[in-house]
Amino acid sequence: MASSAPVAIVTGGNSGMGMGIVERLVTKGWNVAIADINPNAKFAEQLGDAASFFKCDVADYDSQAQMFQQVWDRYGRIDALCANAGIVDKRQIMSNFKGVVYGTQLAIHFMRKNSTPGGKIVATASVAAIVPHETYPEYDGAKAAVVNFVRATARILKDKESISINTICPGIVHTSIIPQEMVDAVSPDCMTPVSTIVAAYERCLDDASLFGKVIECSTDKQFELEPPTLANGHYSVRAVTVWEPLFKMWVVCPDAMPD
Ligand SMILES: NC(=O)c1ccc[n+]([C@@H]2O[C@H](COP(=O)([O-])OP(=O)(O)OC[C@H]3O[C@@H](n4cnc5c(N)ncnc54)[C@H](O)[C@@H]3O)[C@@H](O)[C@H]2O)c1
1162 MASSAPVAIV TGGNSGMGMG IVERLVTKGW NVAIADINPN AKFAEQLGDA ASFFKCDVAD
1222 YDSQAQMFQQ VWDRYGRIDA LCANAGIVDK RQIMSNFKGV VYGTQLAIHF MRKNSTPGGK
1282 IVATASVAAI VPHETYPEYD GAKAAVVNFV RATARILKDK ESISINTICP GIVHTSIIPQ
1342 EMVDAVSPDC MTPVSTIVAA YERCLDDASL FGKVIECSTD KQFELEPPTL ANGHYSVRAV
1402 TVWEPLFKMW VVCPDAMPD
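Under the numbering used here, read the sequence shown as residues 1162 to 1420, first letter to last.
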């Protein structure tokens, strides 16, 4: 039988911002599936029955698919995906971008089966997705891809699947992804607390009218960022306007897409 409480998957839920999101959702009465590549037995234990750990590598489609299936088997519903896992390493394009793409594909599949089809997806990008940080070009690219992916899918997901997708762009947050030396080098007033990220996640999960939003989270503030514009007016806009036959070939019948 399906759980009576709403169910969220929080990837990267065993550390940093993910922990904050998990704790907040548990407090609000959600059942939370913590999906992380690294276990954190103490954390899951202190949350009691409302949270469970599912080992998962978001960079690997099969690993995410297995985790979604286990969560579905346990709760019989999936109301939200908080696609928050991220890292700075050699696999960062796979974890930080493809992890969000795979999660979205799987969320669509399982959210269609909810008793009321649909749900919410929130992904963690970064301010470096908007203004690149020259120290991490590959990270910037992966996070910018998350922002563009969210903007590209939001309208269709809302209209066809009743799924709202949004993304959060945090500034510097003191978590294990940031070396202590860097935290020491940044003046405290430029740091963003985990609570700002949690508040933005909460807003996206609570407010069904929000979709396709890119939300900069900086210090204690949230800002909705406008989509960028092209310089050559309708001539350039035409290049990014849907042409139905191509849309059908690539989105409706993806098997027709060249390998
Ligand atoms: N801390 C910052 O300043 C900052 C700023 C902007 C964006 N971000 C993003 O915020 C998100 C959360 O990071 P954080 O700062 O809380 O860092 P964190 O290291 O504390 O937490 C990240 C979590 O993701 C998990 N993870 C990493 N790769 C994974 C994978 N392939 N599959 C499953 N789980 C995986 C880790 O085990 C960890 O529990 C990330 O997407 C990160 O890129 C962080």
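Even glycine gets a Cβ: it sits at the ideal position worked out from N, Cα and C.
A distance below 7 Å between beta-carbons, with the five flanking residues on each side excluded, links leucine 1267 to the following residues of its chain, in chain order: Gln1225, Ala1226 and Phe1229. Rounded to whole angstroms, the gap between the alpha carbons of glutamate 1363 and valine 1413 is 32 Å.
Note on geometry: alpha-carbon atoms of threonine 1328 and glycine 1394 lie some 27 Å from one another. Counting other Cβ atoms within 10 Å of its Cβ, asparagine 1199 stays below 16 and is therefore classed as exposed. DSSP assignment within the segment 1202 to 1235 yields the following whole alpha helix (DSSP H) runs of 4 residues or more, N-terminal first: 1202 to 1208. Here isoleucine 1182 has Val1171, Cys1243, Val1359 and Tyr1362 as same chain residues with Cβ atoms under 6 Å from its own Cβ, once five neighbours each way along the sequence are excluded. When C-beta atoms of the segment 1303 to 1313 are compared with those of the segment 1280 to 1287, three or more pairs fall below 8 Å, so the two segments count as touching. For the options Gly1247, Thr1188, Ser1176 and Phe1204, the alpha carbon positioned closest to that of valine 1168 is the one of Thr1188.
Under DSSP, isoleucine 1324 takes part in a beta bridge, and its partners are Gly1280.
For alanine 1169, the beta-bridge partners assigned by DSSP are Val1193 and Ala1241.
Taking a contact as a CB-CB distance under 8 Å, the pair alanine 1220 and glycine 1190 does not count as one, their CB atoms being some 31 Å apart.
In the structure shown, serine 1397 falls within a helical segment according to DSSP collapsed to helix, strand and coil. Look at the beta carbons and you see the segment 1337 to 1355 not touching the segment 1396 to 1404: under three pairs across the two are nearer than 8 Å. Distance check between serine 1323 and each of Phe1204, Asp1240 and Gly1177 places Asp1240 closest, using alpha-carbon atoms only. Going by DSSP, valine 1344 is part of the alpha helix (DSSP H) stretching over 1341 to 1346. In the three-state DSSP reduction, lysine 1274 falls in the coil class, being neither helix nor strand.
Comparing alpha-carbon positions, the option among Ala1163, Gly1179 and Ser1165 lying closest to serine 1337 turns out to be Gly1179.
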